[in-house]
Structure formats: C-alpha cells, structure tokens
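Structure, as structure tokens:
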Amino acid sequence: MSKLQRRNLLQGAAALAALGLAGCATTSSAPSKARVLVVGGGYGGATAAKYIRLLSDYKIEVVLVEPNEAFVSCPISNLVLGGAKQIGELTTPYAALKSKHGVTVVRDYVSGIDAGKRVATLASGSTIAYDKLVLSPGIDLIWDSVAGLKEANAAGQILQAWKAGPETVALRRQLEAMPDGGVYAITIPEAPYRCPPGPYERASVIAGYFKQAKPRSKVLILDANPDVTSKGPLFKKVWAEQYKGILEYRAQHKAVAVDAKSGVVKFEVQDDVKADVLNVLPSMRAGAIAVQTGLANANGRWVNVNYLNFEATAAKHIHVLGDSIQIAPGMPKSGHMANSHAKVAAAAIVAELNGWEINPAPMLTNTCYSYVDAGKNVIHVASVHEYVTAEKTFKTVAGSGGVSAAPTELEGTYAWNWARTIWSDSLA
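First residue of the sequence shown: 2, per the numbering used here; consecutive thereafter.
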C-alpha cells in the first residue's frame, strides 16, 4: 500500500469515527435518521449526494465514499492533451459538498457490500450501515481484452487516460516528447464504452496540436466499430477539410494485443500497426465493485436497473448510476447523462424514504460537446429522454436535441460554460 493510500484510509477512518460509524458499531439496527451511502464521487455520485440533501431539506444523512481528494472531469480533459488546458482547470474539490451541504466525505474504497444486511465494508476495514446505497463507480478497463496491455500500462509505456488525472498529464508528456514526423495511434473498443464521441474528439484535438506544433506528424484512429459511433458526418467532414494528410481513420480494427517494446498493436484481422505513441483503449465494463458484488447482471459487464428509480435488479435498496448501467435505447454513457440519472434517483430515494410515491414519468436530458481542434471549435449532440411506462425504459423524445450544423467558436464558448455549470451543479 502506498503512502497516499495509507493517508487516504486514515483520513477516511477519522471521518467515520467523527460520525460514530467506524468498526462494528455500524452493523447494528438501522439508524432512526435515514442514511444514504453514496459510493463514487463522479458526475453521478456527487450529484446524487448533493441532491439527496437538497431534496430532503437536509434531513437525510449522506455519506460519500470517494478515494480522491478532488473531482477531475473526464469531459474537457482531451484539451489537456492538446495543450489548451491544464489538469487543474478541470479539478474541483469536494469541500463544498461538506461545508455547504453537510455531506460526510470519506476518503476510502468500498471493498464489499452485504445487500441483505445493508452494510458496506471499506478497504480500511470499517463498515457503514445504510438505508439506501447509491453506487456510481464509473467504468473499469478490461485489461485482458488486449494481451500485454496491463503490463504496458503498469510500466507507463501505453496509456489510456480514460479516467482523467495523472495519466492524462502523462499522455500529454508523451505527445510533447514525440518527434515531429512521429505517429500517434488511438484504438477504440467495440461499443458500448464510456463517452461514444470521446476517442474521435481526442484524435481531432491531437491532430489540431500536431498541425500547429508538429506538422509532419500523423494521427491514426483504429476503430473496432464498423463506423464512427457518434457525430460521424461532422467528424469526418472536419478530418477531410482540416486534417487531410494528418489524420487517418480506419474502421473494423479490433485490437487484441500490444508489444510495448516495439510500439506495435496487433489486430484480430488487419495487419499490425506501429506508432511512436500508442493510446490503446480496451473494452470496458461497470466499476469493479459492481462486478464483484454480482450487480453487473448484463453479460457480466453492466448493471440492469429499474429506470424509474435506478435500483439494481439484482439487489434491493442499491441504486446504480452513470456509466455502469445497461443503457436504455439511445442513452449514451456520458457525464451529463450520469448527472441526469442522479437527479431522478435522488428524487426517488427521498420519496421512498418518506413513504411517498415516486415520479411515474421521469425525464432525462443529455448534451455532449466535442472539440475538433486544439481548443476553439466545437460540435455537439443533444437529446431528451422520457420514461415509457408500457416498455419500462427510457426512449429519446422524437425531435428533441439534434446535432450541430458545423463546428463553431461560439459552440466552444457554450462547451466551456456547460462544463463550469455542470461542475457547479454537481459539486458547489
């Protein structure tokens, strides 16, 4: 265990002790005051923690278990790779959840959940009893879907940066160190994966950086899917008009192995590809705790939920949000969608704990902005989703949302303001 992990566990234990939640004390009968345990402080978890407090008029106790000191946004993080933003500009501490909303933040990991007893066990050994549990663990990378990738990542040779933070900064350094005339290659797994347009945005942003700073360099997009999975016509138009000779897109390239020493990625059918910087994204699944506890009952990868309250079908009183769930038709795995999930779930949880009926017709919204250069021009896709009672799922409202006509700098302004607004909505 590293010094940082030990410090986090000690801080988490101190927070638990201050609440009287540490050790075996939490395995007693349910508290007289309702307690919701939130696991994961991303777009889903942080929003749920705040809104449960707000919607309950601060009567429901909320404990957020999150190992990191601050939230780092995956949306917008591709701009760090292009050099337009620093990682600190995407970072928001959890302090306001504590000081303004009374959320108890415990820096730790949840290592186990006893759904029958409604008790979660932390990596530190402490336990927390709950009346309701909100699980928003994001995604985990399926390392063994690409042979050799786990070892290459551990050695810092082949990075993913699909969870924004230190790897984002490290990948930026690899791009800076790459010689002019070098090749950057990104592989994309078969859908579903976190943030459908994200890899194409990343390739575009890095192509924009190369165009300015390393004009002889090249970007390769090696996509396991048969075509671009989101905003395809818009991205392809940009690539043809702005990055001809710089960016190349290749469909149906499913990565199966890497050789970090030689800088080679191998594919199921197509020929090997060699690159100076490899950014290999393997297949993804729900966060580890969802898989370990048997909640991920959709092909062992995603969590099936009741969309009215986002309760897992595999366990009562556990509500799962964000990228970990088996998505409804037309529902992306995005930060904005996780924020929307959280609000529907928070309202349902507050209603259930008070003995009220939950909303029978919830709505969700989603907006996803994508930069197409090193930090100015942006395209978007937006949608509204309604719960269809007869089918027990969400469906996109006909005529809602849509996509950009073309990239513009004005949409770049909208994108940055969207980010600041949603960070405030979730964390301030």
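Quick reminder that beta carbons are idealized off the backbone N, C-alpha and C, glycines included.
Remember, it's a predicted structure, so these values are computed and weren't measured experimentally.
Is the distance from the Cβ of residue i to the Cβ of residue j below 7 Å?
{"i": "C339", "j": "G323", "result": "Reading off the sequence shown, one finds Ala at residue 339, where the question assumed Cys. Contact: yes."}
{"i": "P180", "j": "A225", "result": "no"}
{"i": "A162", "j": "L172", "result": "yes"}
{"i": "V379", "j": "V404", "result": "no"}
{"i": "L248", "j": "V266", "result": "no"}
{"i": "P283", "j": "L142", "result": "yes"}
{"i": "V321", "j": "L150", "result": "no"}
{"i": "V304", "j": "A287", "result": "yes"}
{"i": "G402", "j": "S384", "result": "yes"}
{"i": "T394", "j": "A352", "result": "no"}
{"i": "M364", "j": "E387", "result": "yes"}
{"i": "Q158", "j": "A258", "result": "no"}
{"i": "A429", "j": "A96", "result": "no"}
Rounded to whole angstroms, what's the CA-CA distance from residue i to residue j? Just pull it up for me.
{"i": "V69", "j": "P138", "result": "It is Asn, not Val, that sits at residue 69 in the sequence shown. If I take the Cα positions, the gap works out to 13 Å."}
{"i": "L223", "j": "K212", "result": "20 Å"}
{"i": "N307", "j": "E177", "result": "46 Å"}
{"i": "L56", "j": "Y185", "result": "47 Å"}
{"i": "E202", "j": "L82", "result": "11 Å"}
{"i": "A420", "j": "Y370", "result": "9 Å"}
{"i": "C75", "j": "V111", "result": "22 Å"}
{"i": "F311", "j": "G295", "result": "16 Å"}
{"i": "Y65", "j": "W424", "result": "Sequence inspection shows Leu at residue 65; the Tyr mentioned does not correspond to that position. Roughly 17 Å between the two C-alpha positions."}
{"i": "S335", "j": "N367", "result": "8 Å"}
{"i": "K34", "j": "P227", "result": "52 Å"}
{"i": "V1", "j": "E67", "result": "In the structure displayed, the chain extends from 2 to 429; residue 1 sits before or after that span and is not available."}
{"i": "P1", "j": "V63", "result": "Residue 1 cannot be examined here, being either before or after the span of the chain that is shown, 2 to 429."}
{"i": "C196", "j": "K377", "result": "20 Å"}
{"i": "A124", "j": "V40", "result": "13 Å"}
{"i": "A18", "j": "R54", "result": "Here the model assigns A18 a pLDDT of 35, short of 50, so the residue's position is not dependable, and the following value carries that caveat. Looking at the two C-alpha atoms, the distance is approximately 21 Å."}
Taking 7 Å as the threshold (beta carbon to beta carbon), is residue i in contact with chain B?
{"i": "L279", "result": "Absent from the structure is chain B; it holds one protein chain and no more."}
Is it buried or exposed for residue i, if we count other Cβ within 10 angstroms and need 16 for buried?
{"i": "G24", "result": "Since pLDDT at G24 reaches only 33, below the 50 mark, its modelled position is unreliable, and the value read off the structure follows with that caveat. Per the 10 Å Cβ criterion, exposed."}
{"i": "K101", "result": "exposed"}
{"i": "T390", "result": "exposed"}
{"i": "Q293", "result": "exposed"}
{"i": "T422", "result": "exposed"}
{"i": "Q87", "result": "exposed"}
Worksheet item: Does the segment 236-246 come close enough to the segment 201-217 to have 3 or more Cβ pairs within less than 8 Å?
Response: yes
Worksheet item: At a cut of 8 Å, does the segment 109-119 reach the segment 308-323 through at least three beta carbon pairs?
Response: yes
Worksheet item: Contact between the segment 325-343 and the segment 39-51: three or more CB pairs below 8 Å?
Response: yes
Discussion item. When you compare the segment 292-310 with the segment 148-160, are there three or more beta-carbon pairs, one atom per stretch, that lie closer than 8 Å?
Written reply: no
Discussion item. In chain order, what are the residue ranges of uninterrupted beta strand (DSSP E) at least 3 long that sit wholly in the segment 250-305?
Written reply: 256-260, 265-268, 278-281, 285-287
Practice prompt. Within the segment 176-239, note down every full alpha helix (DSSP H) run reaching 4 residues or more, in order along the chain.
Written response: 199-214
Worksheet item: What are the uninterrupted segments assigned as alpha helix (DSSP H) that are 4 or more residues long and contained completely in the segment 40-82, given in chain order?
Response: 44-56
Practice prompt. Only counting runs of 3 or more residues, tell me where the beta strand (DSSP E) segments fall wholly within the segment 133-157, in order along the chain.
Written response: 133-136, 140-142
Worksheet item: Using 8 Å as the threshold, is the segment 266-280 in touch with the segment 249-257, meaning 3 or more CB pairs across them?
Response: yes
Worksheet item: Quick check: the segment 126-133 against the segment 82-91, are there 3 or more CB pairs under 8 Å?
Response: no
Discussion item. When you compare the segment 358-366 with the segment 405-418, are there three or more beta-carbon pairs, one atom per stretch, that lie closer than 8 Å?
Written reply: no
Discussion item. Could you tell me which whole beta strand (DSSP E) segments of length 3 or greater appear in the segment 321-395?
Written reply: The segment 321-395 contains these whole beta strand (DSSP E) runs: 364-372, 379-389.
Discussion item. Ignoring anything shorter than 3 residues, give me the beta strand (DSSP E) runs that lie fully in the segment 89-132, in order along the chain.
Written reply: 92-94, 105-107, 111-115, 120-123, 128-130
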